[in-house]
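Participant: Provided herewith is a single structure, encoded as structure tokens, for subsequent inquiry.
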Amino acid sequence: MITEEKRQVFIFLIFALALLAAPFFFRESYLLTVLVFIGIHTMLAVSLNLLMGYAGQISLGHAAFFGLGAYLSGILTTRFGLDPWLVIILAAICAAVVAFVIGFPILKLKGHYLAMATLGFGIIIYIFFNETVDWTGGPSGLPSIPSLQIGTIIFDNDLNNYYLVWIITLCVMLLSINLSQSRIGRALRAVHDSEVAARVMGINAWFLKVQIFTVSAFISAVAGSLYAHAMTFISPASFGFNFSVELVTMVVVGGLGSIYGSFLGAAILTVLPEFLRVFEDFDVVIYGFLLIIMNMFMPGGLISGLELLAQKVALKIKKKRPSDA
Amino acid sequence: MLKVNNITKTFGGLTALEDVSLSVSPGSITGIIGPNGAGKTTLFNIITGLYTQSAGKVFLEGKNISYFPPEALAGLGMVRTFQNVELFGQMTVWENVMVGLHTKSSSGFFGCAFKLPRQIKEEKLIREKSMRWLDFTGIADIARMRADNLPFGKSRLLEISRALALEPRIILMDEPAAGLNSRETLQLAAVIRRIKELGITVVLVEHDMDLVMDICESIIVLNLGKKLAQGTPREVQENPEVIAAYLGED
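Respectively, the protein sequence lines represent chains R and V.
The opening position of the first sequence corresponds to residue 12 in this note's numbering, with each subsequent residue numbered one higher.
The opening position of the second sequence corresponds to residue 1490 in this note's numbering, with each subsequent residue numbered one higher.
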């Protein structure tokens, strides 16, 4: 088991180093912006994956928590002049409390009913962003959100934002990987596979679901705050139903129950729209099509496809060696 | 050990159980038998908190556990297995048993995410202990296989290992021999006897009469939702009412 553990630490280190070195190769500002988005989307996909991939509970309203983080950061820093770092933590705690409170009733629901409840929650929050014009600026958005700052370093350029976002994203990934391989992670997967057996094993399935929903909302809100400070402008359109669906697509395309899969899904779904610009509003159709194709041919997501490929290659190399000798 | 007092359960207009009382003495192997539709599984589901009874009480070691949810019963040392085997299919055999140790460990979200020293120690203990239970039922060699790839006989043994990992004081098995061949049934009988040797009280619902007569010290017969008889295997076998119920006489 130690070797397996070492292998995983090794994989994470390579992954982290590759990402931290990426700006030396992608110096173009446009590419860095895309990479910042991939980082934020990865954080969101990982948070949704904890809920969907591990605990097996769907959320069609996750953009709401992302939006809560972004708007709380935007409003509290621009209108009240609070310290942005303090606000990030405050916003995340607020989103977590909201998730905790609504989680108790809605996580009693299963399947389609849960999907509808989270969908409804997402829509309510979206309407709230649009209609409370005095606070949020309504449909025209909330401008001039200050950039984050540590000492003399101001995160107002792509390179600085890249490192800020990715260091936090890597931390979130590492903590999520740890969590997924612990007794809590096993309990989550147990609830996913057989809720009744999990309960017989002493797992309070309902409360565990509420807990992971809360953690997930916390992470999503942090991503939202970082997004608000990196963009310095937010509008409700970024936190609507379409984005919730996009998040679900990221998790499914990347691979349910795989943290690296979430990165893969986030990367693809961030880059893809750049190429799909020509289709304009039909991009949603393509997401839907992608979801169907993935569910039919690769239910484990791209990450499982890659693993299969790696195994096949390893097998071929093994087969070749004796014949070479 | 386990006492059931005047349990009645109705589903709509249908009475599945009517005024059933029974008691199980500590450290024994007790069998519950009866024709199909007698209410055996319903009774199990009520005792283990999956169903709520219409009337009546359940006591575990003198403590009133009526209406307790299954997760609370696990903490009190009561565990069960299922007729159709409820495994965590996407997890490995080993991980399945590790879940059985959930109540025996306590690391929370924070400790697990940050891998605090206490959690690392606890995780090591979970791995060791769970492996011991796989050894107990003799399936340690398949520890790394995915649970949904197991042949049926092995998945039964896995479900029992997982239940034992909880270190229960009483284990309820719903038709543990269903779907097993004769060799596997013998193996199962040996495992059940060794569970008893650990001081764990065993209650089983079973259709395999040879197995029941062989390993049970006390037998309870249910028919049409009512208790027909309780006694030793010999007493039950000679009871005319039981014979009538099984042969379908009036």
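Cβ atoms here follow ideal geometry from the backbone N, Cα and C, with glycine treated the same way.
Keep in mind it's a predicted model, so treat the numbers as computed, not measured.
So for Tyr298/R, helix, strand or coil by DSSP?
Facilitator: Residue mapping note: residue 298/R aligns to position 287 of the first sequence, counting from 1. Tyr298/R falls in the helix class under three-state DSSP.
Participant: Report the neighbours of Asn215/R on chain V: residues whose CB is nearer than 9 Å to its CB, in chain order.
Facilitator: Taking the first sequence and counting its residues from 1, one reaches residue 215/R at position 204. Ordered by position in chain V, the residues that pass the 9 Å Cβ test against Asn215/R are Pro1558, Glu1560 and Ala1561.
Participant: How would you write the range of the beta strand (DSSP E) that Leu1623/V sits in, first residue to last?
Facilitator: Locating residue 1623/V in the second sequence gives position 134, counting from the first residue. Not the beta strand (DSSP E): Leu1623/V falls in the alpha helix (DSSP H), residues Pro1606 to Thr1626.
Participant: Could you tell me whether any Cβ in chain R is nearer than 9 Å to the Cβ of Ile1615/V?
Facilitator: In the second sequence, residue 1615/V corresponds to position 126, counting from 1. True, the Cβ-Cβ gap to chain R drops below 9 Å.
Participant: Does the beta-carbon of Arg132/R have 16 or more other beta-carbons within 10 angstroms, so that it is buried, or is it exposed?
Facilitator: As a position in the first sequence, residue 132/R is number 121, starting the count at 1. In the sequence on display, residue 132/R carries Phe and not Arg. Buried.
Participant: By DSSP, does Asp1460/V sit in helix, in strand, or in coil?
Facilitator: This structure cannot speak to residue 1460/V, because chain V is shown only from 1490 to 1739.
Participant: Residues of chain R with CB closer than 7 Å to the CB of Gly1564/V, please, in chain order.
Facilitator: Stepping through the second sequence from its first residue, residue 1564/V is reached at position 75. Within chain R, the residues near Gly1564/V are Gly213.
Participant: Does the distance from the C-beta atom of Tyr173/R to that of Leu59/R stay below 9 Å?
Facilitator: Translated into the one-based positions of the first sequence, residue 173/R becomes position 162. Translated into the one-based positions of the first sequence, residue 59/R becomes position 48. Cβ distance not < 9 Å, so Tyr173/R and Leu59/R don't count as in contact.
Participant: Which of the residues in the segment 174-206 of chain R, read from start to end, lie with their CB under 8 Å from any CB of chain V?
Facilitator: Answer set for the segment 174-206 of chain R: Leu186, Ser187, Asn189, Leu190, Ser193, Arg194, Ile195, Gly196, Arg197, Ala198, Arg200, Ala201, His203, Asp204 and Ser205.
Participant: So, for Val183/R: in the same chain, excluding its five sequence neighbours on each side, which residues have a beta-carbon less than 7 Å away from its beta-carbon?
Facilitator: By one-based count along the first sequence, residue 183/R stands at place 172. Excluding sequence neighbours, Val183/R sits near Met54, Val57 and Ile230.
Participant: Taking buried to mean at least 16 other C-beta atoms within 10 Å of its own C-beta, is Val1731/V buried or exposed?
Facilitator: As a position in the second sequence, residue 1731/V is number 242, starting the count at 1. Buried, by the Cβ-count rule.
Participant: Would you kindly work out how many angstroms separate the C-alpha atoms of Ser1707/V and Met1490/V, rounded to a whole number?
Facilitator: As a working mapping, residue 1707/V is identified with position 218 in the second sequence. As a working mapping, residue 1490/V is identified with position 1 in the second sequence. If you take the alpha carbons of Ser1707/V and Met1490/V, they lie about 14 Å apart.
Participant: Taking C-beta pairs closer than 9 Å, name the residues in chain R that Leu1539/V reaches, listed in chain order.
Facilitator: One-based indexing of the second sequence puts residue 1539/V at position 50. In chain order: Val207, Arg210 and Val211.
Participant: What did DSSP end up calling Gln192/R once you bin it into helix, strand or coil?
Facilitator: As a working note, residue 192/R is residue 181 in the first sequence. Correct three-state label for Gln192/R: coil.
Participant: Give the secondary structure of Met1702/V by DSSP, where H, G and I count as helix, E and B as strand, and everything else as coil.
Facilitator: Position 213 of the second sequence, counted from the start, is the residue given in the question as residue 1702/V. Helix, per DSSP.
Participant: Give me, in chain order, the residues of the same chain whose beta-carbon lies closer than 7 Å to that of Ile1615/V; leave out the 5 immediate sequence neighbours on both sides.
Facilitator: For the purposes of this step, residue 1615/V is identified with residue 126 of the second sequence, where counting begins at 1. Met1587, Leu1590 and Ser1594.
Participant: Do you know offhand how far Asp167/R's Cα is from Ile245/R's?
Facilitator: Along the first sequence, one-based indexing puts residue 167/R at 156. Along the first sequence, one-based indexing puts residue 245/R at 234. Rounded to whole angstroms, Asp167/R to Ile245/R spans 15 Å at the Cα level.
Participant: Exposed or buried, what is Ala228/R when buried is set at 16 or more other beta-carbons lying within 10 Å of its beta-carbon?
Facilitator: Along the first sequence, read from residue 1 onward, the residue named residue 228/R stands at position 217. With 16 or more other Cβ atoms within 10 Å, it is buried.
Participant: Which of helix, strand or coil does DSSP assign to Met1662/V?
Facilitator: Taking the first residue of the second sequence as 1, we reach residue 1662/V at position 173. Residue state, collapsed to three classes: strand.
Participant: Quick check: the segment 296-307 of chain R against the segment 261-276 of chain R, are there 3 or more CB pairs under 8 Å?
Facilitator: Touching, yes.
Participant: Using CA atoms only, rank isn't needed, just tell me which of Ile165/R, Asp169/R and Gly213/R is closest to Ala1652/V.
Facilitator: Residue numbering aside, residue 1652/V sits at position 163 when the second sequence is read from its first letter. Residue Gly213/R is the option with its Cα nearest to Ala1652/V.
Participant: To which residues does DSSP link Phe23/R through a beta bridge?
Facilitator: Here residue 23/R corresponds to residue number 12 of the first sequence, with the count starting at 1. Paired residues: none, contrary to the question.
Participant: Between Phe111/R, His123/R, Leu199/R and Gln322/R, which has its C-alpha nearest Glu1584/V's C-alpha?
Facilitator: For the purposes of this step, residue 1584/V is identified with residue 95 of the second sequence, where counting begins at 1. Looking at the Cα atoms, Leu199/R is the closest of the given residues.
Participant: Mind checking Pro1640/V: buried by the 16 CB within 10 Å criterion, or exposed?
Facilitator: Within the second sequence, numbered from 1, the residue matching residue 1640/V stands at position 151. Burial call: exposed.
Participant: For Thr1541/V, which option in Lys1529/V, Thr1530/V and Phe1557/V has the closest C-alpha, if you only look at C-alpha atoms?
Facilitator: Counting from 1 along the second sequence, the entry for residue 1541/V is found at position 52. When each option's Cα is compared against that of Thr1541/V, the closest is Phe1557/V.
Participant: Please identify the residue among Lys1492/V, Thr1504/V and Leu1549/V whose C-alpha is closest to the C-alpha of Leu1713/V.
Facilitator: For the purposes of this step, residue 1713/V is taken as the residue at position 224 of the second sequence. Taking only the C-alpha atoms, the option nearest Leu1713/V is Thr1504/V.
Participant: Restricting to Cα atoms, I'd like to know which of Asn253/R, Ile99/R, Phe250/R and Val295/R is closest to Ile156/R.
Facilitator: Taking the first residue of the first sequence as 1, we reach residue 156/R at position 145. Closest by alpha carbon: Ile99/R.
Participant: Determine the DSSP secondary structure at Ala1718/V, reduced to helix, strand or coil.
Facilitator: To locate residue 1718/V, count along the second sequence from 1; it is residue 229. Here Ala1718/V sits in strand by DSSP.
Participant: Give me, in chain order, the residues of the same chain whose beta-carbon lies closer than 6 Å to that of Ala103/R; leave out the 5 immediate sequence neighbours on both sides.
Facilitator: Here residue 103/R refers to the residue found at position 92 when the first sequence is read from its first residue. Here the set comprises Phe229, Ala232 and Val233.
Participant: Check whether the segment 136-146 of chain R and the segment 69-84 of chain R touch, using three or more Cβ-Cβ pairs below 8 Å as the test.
Facilitator: The segment 136-146 of chain R, when compared against the segment 69-84 of chain R, does touch it at the 8 Å Cβ threshold.
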